[in-house]
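Just so we're aligned: 167 in this note's numbering is position 166 of the sequence shown, and the numbers increase by one with no gaps anywhere. What follows is a single structure, written as structure tokens, with notes after it.
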Amino acid sequence: MKKRLIAGCALAALALAAPTMAEVRPGSFSITPFAGGYTFEGDQNIKGGPTFGLRGGYNFTKNLGLEGVFGYTPTEESKGRQLDVDSYTYRLEGLYHFMPDSKFVPFLAVGAGGITQNFSDGSRYDDRNAFIATYGGGVKYFITEAFAVRGDVRGIVDINNPYNNVEYTIGLSYIFGGEKPVAKAAPPAPAPYVEPAPEPAPAPLAAEPRPDLMKYCIDLKIEFDIDKSEIRPQYQDEVKKVADFMKKYPTTTAVIEGHTDSVGDDAYNMKLSQSRAEAVVNSLVDNFGIDRSRLSAKGYGETRPIADNATEAGKQKNRRIEAVIDCALESPKVVAQLPDRLCVTLKVQFDTDKSDIKPQYHDEIAKVGDFMKQNPTTTAIIEGHTDRIGSADYNMKLSQRRAEAVVNYLVEKFGIEKSRLSAKGYGYTRPIGYNTTAEGRALNRRINAIIDCVIKK
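Next up, the structure:
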């Protein structure tokens, strides 16, 4: 029982440590050598021991697969003659994969087969064969498209006797065949952007701004869940920026543009960017009362990158929503009179579970302190952000402490009035990079200074 608990904990640890992204392919085959341990329970009088074997599998769909498994466990009797025992298991198992479009894929397994145990004295009386049923689960973590590390735990029930054995293994899978995703060759260097020819599309509710008219483009910092277009509550303030402007200037119209990075195929990204742009339009209508005739949605997919998709930072910049507002009927001074907003990302790193500011980062914070001293009408919100390691509550508190540490430093070292500053911790709710990579997590561990440059009338 103790070994069963240890195996379960090991499997859980592997699950928690793994990040996310895509790989089980319909029609693919796999070969998996494995090693681990095997525990005999009941009155079999056989010691537990190491186990080795091979799995061969086939995936009918992303979710459903079938595997043949052969395992060998060399061991000995636990009492009596203490003969050497060679134990063999052979079975077929069905697998059901959860999150198959992910690098980290948990699964459940159930199957049936047989067990053979040969004792060293060669006596046919001692040798035994029996039918077995198996149940359990595991996880696969895809290192590449062709290789995955795998952990499994199985309960093995002897049908003829009240024996319940446990097998716990780790293996390396080689995957081949199946429906491979189309690989996209990254260009050696960013090419100059060429405006694509206009595509035929249904007439929008609001007309696209004409080239000779003034435009005001707002880049909305809205992050979406994977494969989702629902706007999370924490991003409604971003949508409100557009609504406030359009309410103040009721003759304006706007086109909400959706853009994606290059992860996924072209058609998928085009549909996803369109649905996300439409979600922002619906929010402006339903939550802020903007007339739908003043709005239209346009998805551009990955066709209009503003950064290199080869890096996490570049992908994050390309996953964006833009509101292009036509100011045709307003004076050009409308845009000039808008309050400016400056967002400064401070490269400040903290020790684990600490909020003390290290001396090497004082120059980073000085950028904000110097700017606010030179511009005494400005105010600022210091935002703390974390990666996704740890619980939501822990990260929220940690990000708040770190933001407050920067506020205190600006007050004590630069003499900025505390009334001009506020601290806000967001934990990991506003990622700008994928938390599946070290580079992405580093981007997410950041301090932002949002400075409102209020213009005196």
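Built from N, CA and C at the ideal position, the CB exists for glycine as well. Quantities reported herein were computed from a predicted structural model and do not represent experimental measurements.
If you draw a straight line from the alpha carbon of Tyr429 to that of Lys248, how long is it in whole angstroms?
32 angstroms
Asp153 vs Thr135 beta-carbon contact at 8 angstroms
no
For Tyr142: DSSP bridge partner residues:
Phe105 and Val150
Beta carbon of Val282 nearer than 8 angstroms to that of Leu296
yes
Nearest-angstrom Cα separation, counted from Tyr97 out to Gly172
18 angstroms
Does DSSP put Tyr89 in a helix, a strand or coil?
strand
Have a look at the DSSP bridge pairing and note the partners of Gln118.
Ser88 and Arg129
Where do the ends of the alpha helix (DSSP H) carrying Ile382 lie?
Not the alpha helix (DSSP H): Ile382 falls in the beta strand (DSSP E), residues Thr380 to His386.
What three-state label does DSSP hand Gly37 in the structure shown?
strand
Simplified DSSP assignment, three categories, for Arg389:
coil
Leaving aside the five residues before and after Asp262 along the sequence, list all residues of the same chain whose C-beta is less than 6 angstroms from its C-beta, in chain order.
Asn310, Lys316, Asn319 and Arg320
Hey, which unbroken runs of the alpha helix (DSSP H) at 4 residues or more fall wholly within the segment 343 to 378?
363 to 375
Spatial neighbours of Ser356 within its chain, please: CB distance less than 6 angstroms, with the 5 preceding and 5 following residues excluded, ordered by chain position.
Arg402, Arg403 and Ala406
Rounded C-alpha distance that separates Pro75 from Asn270
53 angstroms
How about Asn130 and Thr117: are their beta carbons less than 8 angstroms apart?
yes
CA nearest to the CA of Phe120, picked from Arg151, Glu78 and Val158
Glu78
Measuring straight from C-alpha to C-alpha, what distance separates Ile443 and Tyr175?
In the sequence under discussion, the amino acid at residue 443 is Ala, which differs from the Ile named in the question. Between Ala443 and Tyr175, the C-alpha separation is close to 31 angstroms.
Tell me whether Gly459 is buried or exposed, calling it buried when 16 or more other Cβ atoms sit within 10 Å of its Cβ.
In this structure the chain extends from 2 to 458, so residue 459 is not present and cannot be described.
What does DSSP give as the partner residue(s) for Tyr73 in the beta ladder?
Phe53 and Tyr89
Please classify Pro163: is it buried, with 16 or more other beta-carbons within 10 angstroms of its beta-carbon, or exposed?
exposed
Tell me which residues share the same chain as Lys348 and place their Cβ nearer than 6 angstroms to its Cβ, disregarding the 5 neighbours each side in the sequence.
Glu365
Please name the residue in Phe351, Lys359 and Tyr362 whose C-alpha comes closest to that of Asp388.
Phe351
Do three or more CB pairs link the segment 22 to 33 to the segment 57 to 66 at distances below 8 angstroms?
yes
Quick one: what does DSSP say Ser423 is sitting in, helix, strand or coil?
strand
Quick check: what's the CA-CA separation for Ile382 versus Val369?
11 angstroms
Return the residue from the list Asp245, Thr252, Ala280 and Gln275 that minimises the CA-CA distance to Glu231.
Ala280
What residue from Ile291, Gly115 and Gly441 has the CA that sits closest to Val158's CA?
Gly115
What does a CB cutoff of less than 6 angstroms around Ala36 pick up in its chain, not counting 5 residues either side in sequence?
Phe53
Terminal residues of the continuous beta strand (DSSP E) containing Phe177?
Asn165 to Gly178
Taking its Cβ as the centre, do 16 or more other Cβ atoms sit within 10 Å of Glu418, making it buried, or is it exposed?
exposed
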